[in-house]
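Under this note's numbering, the first residue of the sequence shown is numbered 493, with each subsequent residue one higher. Read the structure below first, then the notes.
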Amino acid sequence: MMEKIGILALGFALLLVPAACSKANKGGQSTSRVLARVNGVPITSDEVVQRMGGHDRLLNTPLKDRVLDDLITDELLYQNGVKLGLDRDAKFQGMVRLMELKVIEFKRAELARRVRDTQIAAKVNVTEQEVKEFYDRNAENIGTDLHIGLLHFDTADEANTALSQIRSGKTSFERIGADRFAHVPKGSRQTWDLGFMHWNQIAPDLLDVVYGLQKGQVSDVLDRSPNGSFLIKVMDRKKNPNAGLADMRTAIESRLQAKKTKDAYDRYVQQLRSSASVKKE
Numbered sequence: 493m494m495e496k497i498g499i500l501a502l503g504f505a506l507l508l509v510p511a512a513c514s515k516a517n518k519g520g521q522s523t524s525r526v527l528a529r530v531n532g533v534p535i536t537s538d539e540v541v542q543r544m545g546g547h548d549r550l551l552n553t554p555l556k557d558r559v560l561d562d563l564i565t566d567e568l569l570y571q572n573g574v575k576l577g578l579d580r581d582a583k584f585q586g587m588v589r590l591m592e593l594k595v596i597e598f599k600r601a602e603l604a605r606r607v608r609d610t611q612i613a614a615k616v617n618v619t620e621q622e623v624k625e626f627y628d629r630n631a632e633n634i635g636t637d638l639h640i641g642l643l644h645f646d647t648a649d650e651a652n653t654a655l656s657q658i659r660s661g662k663t664s665f666e667r668i669g670a671d672r673f674a675h676v677p678k679g680s681r682q683t684w685d686l687g688f689m690h691w692n693q694i695a696p697d698l699l700d701v702v703y704g705l706q707k708g709q710v711s712d713v714l715d716r717s718p719n720g721s722f723l724i725k726v727m728d729r730k731k732n733p734n735a736g737l738a739d740m741r742t743a744i745e746s747r748l749q750a751k752k753t754k755d756a757y758d759r760y761v762q763q764l765r766s767s768a769s770v771k772k773e
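Here it is, written out as C-alpha cells:
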C-alpha cells in the first residue's frame, strides 16, 4: 500500500506541513545526513523527509529511495534551468520572493508568539483573592442572563439611520432584524436574535454596554471598523441560578488572566518601543 503513495502528493509540504525532519541531537543540531550529490550539490535526509510531508519514519521504507530519485531529477532539472537562464524570469523571481517573504513572516510571527508566551503570559498569575474580589464587584451582572438582539450594518450611516427610525417609532428593532434575515427558513433561529446569554458568553469589551441597558432598550451605534457597526438590544433579563462563585470561578479566572496578560503585553511592547529606533518611511 505504501508503494502506491504518489510522490507528487507528498511534495508540496513547504510552509503547509511542519516538517519533523531528521531527529536532532542533545545540542539541538540537526543530524541530517547527505544521501546524494548532484554535480557536487548535496541532497540531505532533511530534504527527503520534507518531501515526504515531515514523516521521518518513512526514511526506513522503500518510499525513501523513490523520493530521493525524484529529488535528484528535480535538482538536475533545476541546474539545467539555471544554465538556460530561466531563473532570471520575472515571474519566477516574483514567486521566489513571495516564498522568501512567507518564511520571514513565519519566523517573525513564531518568535513573537514565543516571546508573548514565555516572557509575558507565563509570568501572569491570578490569585484566589483576585477572583473573589472580582466576583463580589460584579455579582449582579454575573448572576444575570441577557436575551440579546444584535444588528450588523456595513456602515455607521446605515446603523445611525436604523437607530433613528427605531427611536422615532417608525419601525422596531425586531422588524429590521426580521426584514434583514427574511431569507432564513421558517423554524430556523433568526441570526439577529442571539437568545439568552450568560455573562461569560458576552465579549468583555461589550459587558459595560449590554449590562448598562434596561429590558427593551437599544444601544447607541457601536462602531467596530473595519468590521462594520452594530446595534444591540437587551430583549429580556433573567437570573441565572448557577452563577455562584464556585460555578463561575474558572470563567472569572480566565477573564482576569486575559486582561492581565493584555495589560502586561501592552507594557512590554511600550518598553520595547521606548528603547528602540523606529522610523516609518
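For glycine and all other residues, C-beta sits at the position ideal for the given N, C-alpha and C. Computed from a predicted model, the values in this text were never measured in an experiment.
Q: Identify, in the order they occur along the chain, each residue of the same chain with its Cβ nearer than 6 Å to the Cβ of G498, setting aside the five sequence neighbours on each side.
A: At G498, the pLDDT of 37 sits below 50, so the modelled position is not reliable; the number obtained from the coordinates is stated separately. Cβ within range, chain order: n/a, list empty.
Q) So, using beta-carbon positions, are W684 and G661 closer together than 7 Å? A) no
Q. DSSP on I535, reduced to helix/strand/coil?
A. strand
Q: For V623, name the three-state secondary structure that DSSP assigns.
A: helix
(Q) If I follow the unbroken alpha helix (DSSP H) through A756, where does it start and stop? (A) 737-766
Q.
Mapping the DSSP letters down to three states, classify L705 as helix, strand or coil.
A. coil
Q: Give every residue of the same chain whose Cβ lies closer than 7 Å to the Cβ of G520, excluding the five residues on either side of it in the sequence, and list them in chain order.
A: Confidence is the limiting factor: at G520 the pLDDT is only 49, short of 50, which leaves the residue's position unreliable, though a coordinate-based value still follows. Counting only Cβ-Cβ distances below 7 Å, and skipping sequence neighbours, we find nothing.
Q) So M727 is in the beta strand (DSSP E); what residue range does that whole segment cover? A) 721-731
Q | L576, DSSP secondary structure in three states | A | coil
**Q.** Run of the beta strand (DSSP E) containing V530, from where it starts to where it stops
**A.** 526-530
(Q) Please report the distance separating the alpha-carbon of I744 from that of N692. (A) 8 Å
Q) I668 by DSSP, collapsed to three states: which one? A) helix
Q. CA-CA distance, T753 and L723?
A. 29 Å
(Q) Taking 7 Å as the threshold (C-beta atoms), are F665 and K725 in contact? (A) yes
(Q) Just to confirm, is the Cβ distance from H639 to G720 under 7 Å? (A) no
Q.
In whole angstroms, give me the CA-to-CA distance for H547 and V540.
A. 9 Å
Q: Using the Cα positions of R716 and R543, report the straight-line distance between them to the nearest angstrom.
A: 44 Å
Q. Taking the DSSP output, what are the residues bridged to F645?
A. S721
Q: Give the range of the alpha helix (DSSP H) segment to which L590 is assigned.
A: 582-607
Q) When you compare each of V588, V607, P554, S524 to V761 by their alpha carbons, which one comes out closest? A) V607
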